[in-house]
Amino acid sequence: MGELVDGVSGLDRTRTLGRSPSLWPLLARGAVLSPFKRPRPGVTAPRTRLILPGVRVDLGRLAAYERACGFGVGADELPPTYPHVLGFPAAMRLMSARTFPLPLLGLVHTSIGITQHRALTATGEYELAVSVDDLVPHKRGTEAVVTTEVRARGELVWESRSTYLARHAVESAGARSAVEQAVAGRLRGQAAAAERKPLPVLAEWHLAEDVGRRYGAASGDRNPIHLYPLTARMFGFPRTVAHGMWTVARCLAEHGTPRAARVRAEFRAPVLLPGTVSYGARGSRFELRGADGGGRLHLTGEVLPLV
1 MGELVDGVSG LDRTRTLGRS PSLWPLLARG AVLSPFKRPR PGVTAPRTRL
51 ILPGVRVDLG RLAAYERACG FGVGADELPP TYPHVLGFPA AMRLMSARTF
101 PLPLLGLVHT SIGITQHRAL TATGEYELAV SVDDLVPHKR GTEAVVTTEV
151 RARGELVWES RSTYLARHAV ESAGARSAVE QAVAGRLRGQ AAAAERKPLP
201 VLAEWHLAED VGRRYGAASG DRNPIHLYPL TARMFGFPRT VAHGMWTVAR
251 CLAEHGTPRA ARVRAEFRAP VLLPGTVSYG ARGSRFELRG ADGGGRLHLT
301 GEVLPLV
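All residue numbers for the sequence shown refer to our numbering, where the first residue is 1 and numbers rise by one.
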């Protein structure tokens, strides 16, 4: 299997992988196991940490990724979203495992937070660590919190926190505490305010039907909903769906990111392909909406310098 078990302590395990896992077998395993998993409140995540040492970037795949997402090709610095691509196979290994209580099929990527402590070079060597840190209640089900850390010569240079939602029945609002209801109401109000006040439109992008296939080839994420209309319809989508991580990468390519930065993005609604979307921004904030900037809100985000 190309791995060594470094340590076991109670429920905590650290595993060192000899190579990055292949995504296709993990997708297949997740698909097979998903029907046997019943997401429900109160489940816990296995505390396994995967370590992948000696990671080097394939410059050919990096160039394909940069072209697919709109970054300049050939720069020595990695795009701020690219370490997510490097860690994604290890994250998929954890979420497709038999011990992971949520079904892989149907998991929705709802947000990502990135902290880049300094620019990462395309020719550097890195160690990646990936874990499922928690399973937290959500108004529509349960969210898995997946963290990825990247180190260079022992120094933490990049880290992210992604949330993935498994939808299932939850307790009614009446069963929640007054504090929980107040927080939920405030968040709903903030979301509604964001939708009422679009940011100034700076660009309009006409997206081809093959965006998902090109990004999938560059990133390795070949989830069927992103590849062809037929496979997308099998999962309830009328057309092919753009990768959430493509949408945030494309926005960051347009917005720009400091060498040391914090990035936060929330995925609000899928982008169907082919289609037209409007990129809006003001200051540190950016968003992606339907055509003309007044359509459906697909993505909200913010970029802040790390000080």
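Quick reminder that beta carbons are idealized off the backbone N, C-alpha and C, glycines included.
From a predicted model like this one, the values you see are computed outputs, not experimental measurements.
Excluding the five sequence neighbours on either side, which residues of its own chain have a C-beta within less than 7 Å of the C-beta of residue i, listed in chain order?
| i | result |
| --- | --- |
| H243 | G212, Y215, D221, H226 |
| T99 | P46 |
| V73 | A63, E66, R67 |
| D134 | A45, V145 |
Would you check if the distance between the CB atom of residue i and the CB atom of residue j is smaller than 9 Å?
| i | j | result |
| --- | --- | --- |
| M92 | V132 | no |
| P46 | A166 | no |
| G275 | A291 | yes |
| R151 | A260 | no |
| T121 | E77 | yes |
| V303 | P229 | no |
| G301 | A265 | yes |
Among the options, whose alpha-carbon lies nearest the alpha-carbon of residue i?
| i | options | result |
| --- | --- | --- |
| H84 | L230, V146, G60 | V146 |
| T81 | R282, F267, V263 | V263 |
| P41 | D58, W24, P137 | P137 |
| L17 | T231, A90, Y228 | A90 |
| F311 | A203, N223, A122 | Nothing in the structure corresponds to residue 311, since the chain is present only between 1 and 307. |
| F267 | M245, V55, R285 | M245 |
| A75 | T123, A68, G275, G280 | T123 |
| A208 | L297, V277, L27, R56 | V277 |
| G54 | H168, T300, V303, G154 | G154 |
| K139 | E149, A129, V108, E171 | E171 |
| Y126 | E143, P21, V57, R250 | V57 |
| L128 | E287, P21, T300 | P21 |
| L202 | T257, C251, T121 | C251 |
| R314 | P305, A269, R151 | In this structure the chain extends from 1 to 307, so residue 314 is not present and cannot be described. |
| L324 | E287, G256, A97 | With the chain covering 1 to 307 only, the question about residue 324 has no answer from this structure. |
| C69 | V248, R49, G301 | V248 |
| F235 | L199, V108, G301, D210 | V108 |
| K37 | V130, T148, H168, L156 | H168 |
| R61 | P25, L299, A218, V307 | A218 |
| V310 | E287, G141, H206 | A query on residue 310 cannot be resolved here, the shown segment of the chain reaching from 1 to 307 and no further. |
| P198 | R282, R19, R29 | R282 |
Using C-beta distances below 8 Å, list every residue in its chain close to residue i, excluding the 5 sequence neighbours before and after it, in chain order.
| i | result |
| --- | --- |
| L272 | F237, P238, R239, T240, V241, A242 |
| D6 | Residue confidence is low: D6 scores 45 on pLDDT, short of 50, so the model does not pin down where it sits. Its coordinate-derived value is still stated next. Answer for D6: T14, R15, T16, I51, listed in chain order. |
| A232 | P224, I225, H226, P238, R239, T240, V241 |
With a threshold of 6 Å on Cβ separation, who are the neighbours of residue i within its own chain once the five nearest residues in sequence on each side are excluded?
| i | result |
| --- | --- |
| F71 | P79, A253 |
| G295 | R289 |
| E143 | V136, T163, L165 |
| V307 | none |
| E204 | S278 |
| L59 | none |
Can you confirm whether the segment 19-35 touches the segment 97-109 when touching is taken to mean that 3 or more C-beta pairs between the two stretches lie within less than 8 Å? Output reads yes: the segment 19-35 touches the segment 97-109.
Pair every Cβ in the segment 160-170 with every Cβ in the segment 109-124, then say whether three or more of these pairs are closer than 8 Å. With a cut-off of 8 Å, the segment 109-124 and the segment 160-170 count as touching, because enough Cβ pairs lie within range.
Alpha helix (DSSP H) runs contained entirely in the segment 222-264, provided each spans 4 or more residues: If we require 4 residues or more, the alpha helix (DSSP H) runs fully inside the segment 222-264 come out as 229-233, 244-255.
4-residue-minimum alpha helix (DSSP H) runs that sit fully inside the segment 74-138, ordered along the chain: Listed in chain order, they are 82-95.
I'd like the ranges of any beta strand (DSSP E) spanning at least 3 consecutive residues and lying wholly in the segment 36-76. The qualifying runs are 47-56.
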